[in-house]
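A.B. asks: Just so you know, we're using the numbering used here here: the sequence shown kicks off at 12 and counts up by one.
One structure is given below, represented as structure tokens, and several questions about it will come after.
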Amino acid sequence: MPLTYLEAPDVKLLVDEIIDRLGLSYVVSQYVYCYRSNGSKSKRIIARIHGFGKIWQVAIGIPPAYVIEVLSERYDRLSQDDKEKTLIHELLHVPKGFKGGFLPHKGNISRKKVDCLHKEYRKKKHNSSWQPEY
């Protein structure tokens, strides 16, 4: 089965909510795109984030942007909490400068940090009535 990609509006809505509730103001949500892939041979990956590096930005004349890809075979089976944690994890790869680069796992991303941010996200979610901005 060939690898296919479809826009994932449900993932985008959740990503936008996470960005807003956690105050990740350095992440420009209008330049974060979300896609669902089908047909991946990967055995461990649930999601991954792709960035447009500086050379692509200059060559094509586009602003910095990121694509969060969720692998349907694994992401869609997760609980809501695990989906939220997965997307928080991916967003932690985005550096504060939002220039198309990535932060590595070492020293930047840990289960403890993701769990802490997820707890904060859930607390804020239950204490307000967030509406997406269109």
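All C-beta atoms, glycine included, are put in the ideal place defined by N, C-alpha and C.
Quantities reported herein were computed from a predicted structural model and do not represent experimental measurements.
Which ranges does the alpha helix (DSSP H) cover as unbroken runs of at least 4 residues, wholly within the stretch 48 to 113, from first to last along the chain?
C.D. replies: 65 to 71, 83 to 86, 91 to 102
A.B. asks: Using the C-alpha atoms, what's the distance from L89 back to L82?
C.D. replies: Roughly 11 Å between the two C-alpha positions.
A.B. asks: If you drop the 5 nearest sequence neighbours on each side, which residues of the same chain put their C-beta closer than 7 Å to that of F109?
C.D. replies: Y37, V38, V39, P75
A.B. asks: Between L103 and the rest of its own chain, which residues show a CB-CB distance below 6 Å, the 5 nearest in sequence each way excluded?
C.D. replies: I120.
A.B. asks: Need the endpoints of the alpha helix (DSSP H) that L128 sits in, please.
C.D. replies: 122 to 137
A.B. asks: If you drop the 5 nearest sequence neighbours on each side, which residues of the same chain put their C-beta closer than 6 Å to that of K96?
C.D. replies: V125, H129
A.B. asks: Excluding the 5 residues flanking I56 on each side, which residues of the same chain have their C-beta closer than 7 Å to its C-beta?
C.D. replies: L82
A.B. asks: Around the Cβ of V8, are there at least 16 other Cβ atoms within 10 angstroms (buried) or fewer (exposed)?
C.D. replies: The structure shown does not extend to residue 8, since the chain spans only 12 to 145, so no value can be given for it.
A.B. asks: Using the Cβ count rule (16 or more neighbours within 10 Å means buried), how would you classify V69?
C.D. replies: exposed
A.B. asks: Measure the C-alpha to C-alpha separation of P106 and F113 and round it to an integer number of angstroms.
C.D. replies: 6 Å
A.B. asks: Measure how close the beta-carbons of S3 and L14 come, nearest whole angstrom, since I'm counting them as under 8 Å.
C.D. replies: With the chain covering 12 to 145 only, the question about residue 3 has no answer from this structure.
A.B. asks: Could you tell me the boundaries of the beta strand (DSSP E) in which L24 lies?
C.D. replies: Here L24 belongs to no beta strand (DSSP E); instead the alpha helix (DSSP H) covers 20 to 32.
A.B. asks: Excluding five sequence neighbours on each side, which residues of the same chain lie with their C-beta closer than 6 Å to the C-beta of R47?
C.D. replies: The answer, listed in chain order, is L17, A19, V81, S83.
A.B. asks: What's the C-alpha gap between V26 and G64?
C.D. replies: 21 Å
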